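Here the sequence shown is numbered in the working numbering, starting from 1 and rising by one per residue.
Ideal Cβ positions, reconstructed from N, Cα and C, are used throughout, including at glycine.
On a predicted model such as this, the values are computed, not experimentally measured, just so you know.
Quick notes on the structure that follows.
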Amino acid sequence: MKSGAAGVLDELAGRAAEALRKARHVCVLTGAGISAESGIPTFRDALTGLWAKFSPEELATPEAFERDPETVWSWYEWRRQLVRQAQPNAGHFALAELARRVPCLTLVTQNVDGLHQRAGSPGVLEYHGNILRDRCTVEQIVAERSEDTRTGLPRCAACGGLLRPDVVWFGEAIPAGPMTVAAAAAEDCDVFLSVGTSSLVYPAAGLAEVALRRRATVIEINPNATDLSPHADLVLAGPSGQILPALLRQTG
Ligand code: BJW
């Protein structure tokens, strides 16, 4: 028999597994923490090396891009490299498997790295876009690129407009499709899993609040406490790459 923290975690995981076994509709919201074990820094980790003097909150804005597109593009190109080199981890694979075990699972991710899709999760809702796509700032559509040899900035191959990463910056609207489907899932689910997110950024953080109001069982997986923790029914404190596979094993 285990004692202390490990025993408590086992008991909580047992209760979480029981809720998952009985669930009709599971809604999962993931954040940067689930990709941390794939080597992608979380959004609120301090930047290091070349980027140490910048804050992600300041770079991920339309105003920063307007002011200094070269710097913002260099940051995104650096992050694209990290994403291209990364592999999905055990947490991503466990969620893909969970989708096969429950009657209905809606996976909403705030991550822009595409690792859930690469792990085999179907129908992933990309709430904040995808870092590997370019969008034309003139036509506002996903676009092919051609390099501007004068400035080095990527341009739209069709219209010559400046390209930007196809992600959602602060102050910008969430894409309508993912926003609507995620809101409906939070209303309808009977189990809501919040995985690896600081629960600071809205409207994504509001999804757990909807699920709480609808009396769904809200389970948080995160090594650190967040604003959601005091309200969650179950808090599994640990890295998602370990907790999610353990939870899956307990669902049988
Ligand atoms: C682990 C782990 C391990 C570590 N295992 N876990 C209501 C109230 C207050 C403010 C607002 C509000 N509504 C809107 C706002 C404003 C704003 C906002 O929320 N600001 C807050 C900072 C207060 N929201 C917006 O501006 C949104 N737009 C909007 O509201 O538009 C309105 C509108 C309507 C109609 C027309 C026009 C406008 C847009 C938000 C966009 C967020 N974009 C970013 C950047 C994406 C592109 C990019 O990647 O560059 O999305 S910001 C950044 O934060 C990124 C993330 O997806 C998002 C969330 O971060 P996340 O994933 O939670 O990561 P971290 O780093 O914060 O946390 C990691 C967690 O992992 C930690 O808790 C660790 O402990 C944990 N962890 N290792 C498990 N191994």
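{"query": "What are the residues that DSSP puts in a beta bridge with Gly14?", "result": "Bridge partners of Gly14: none, in fact."}
{"query": "Using 8 Å for Cβ pairs, my map puts Cys156 next to Cys27. What's the rounded Cβ distance?", "result": "Between Cys27 and Cys156 the Cβ distance is about 36 Å, and since that is not below 8 Å, they are no contact."}
{"query": "Jot down the residue ranges of each uninterrupted beta strand (DSSP E) in the segment 65-92, minimum 3 residues, whole runs only, in chain order.", "result": "none"}
{"query": "Anyone know if the C-beta pair for His289 and Val83 falls short of 8 Å?", "result": "The requested residue 289 does not occur in the structure, where the chain is confined to residues 1 to 252."}
{"query": "Quick check: what's the CA-CA separation for Gly171 versus Gly4?", "result": "44 Å"}
{"query": "Mapping DSSP to helix, strand and coil, what is Leu29?", "result": "strand"}
{"query": "My guess is that Thr61 and Trp169 are in contact by the Cβ rule of under 8 Å, so how many angstroms apart are they, rounded?", "result": "5 Å"}
{"query": "In its own chain, which residues sit with a C-beta less than 7 Å from the C-beta of Arg44, not counting the 5 before and 5 after it?", "result": "Ser198"}
{"query": "Under 7 Å: does the beta carbon of Gly33 sit that close to some heavy atom of ligand 1?", "result": "yes"}
{"query": "Can you name the start and end residues of the beta strand (DSSP E) that Asp134 belongs to?", "result": "129-136"}
{"query": "I believe Leu244 touches Ile221 by the beta-carbon criterion, under 8 Å. Please report the beta-carbon distance rounded to the nearest angstrom.", "result": "7 Å"}
{"query": "In terms of residues, what are the limits of the alpha helix (DSSP H) holding Ser240?", "result": "240-251"}
{"query": "Strictly by DSSP, which residues pair up with Val195?", "result": "Thr30, Ile221"}
{"query": "I believe Ala90 touches Pro122 by the beta-carbon criterion, under 8 Å. Please report the beta-carbon distance rounded to the nearest angstrom.", "result": "About 19 Å; that fails the 8 Å criterion."}
{"query": "Return the chain-ordered list of same chain residues with a C-beta closer than 6 Å to the C-beta of Gly7, the five sequence neighbours on each side being excluded.", "result": "none"}
{"query": "Given a threshold of 16 other Cβ atoms within 10 Å of its Cβ, counted over all protein chains shown, does Cys263 qualify as buried or as exposed?", "result": "The displayed coordinates of the chain run from 1 to 252. Any statement about residue 263 would go beyond what the structure contains."}
{"query": "Beta-carbon within less than 8 Å of Ala86's beta-carbon, same chain only, minus the 5 sequence neighbours each way: which residues are those?", "result": "Ser35, Ser38, Gly39, Ile40, Asp113, Leu115"}
{"query": "Hey, would you say Leu29 sits closer than 8 Å to Gly238, going by beta carbons?", "result": "no"}
{"query": "Looking at ligand 1, does it come within less than 7 Å of Ala173, judged from the CB to the closest heavy atom?", "result": "yes"}
{"query": "Taking 6 Å as the limit between beta carbons, can you name the residues of its chain near Asp68, skipping five residues before and five after?", "result": "none"}
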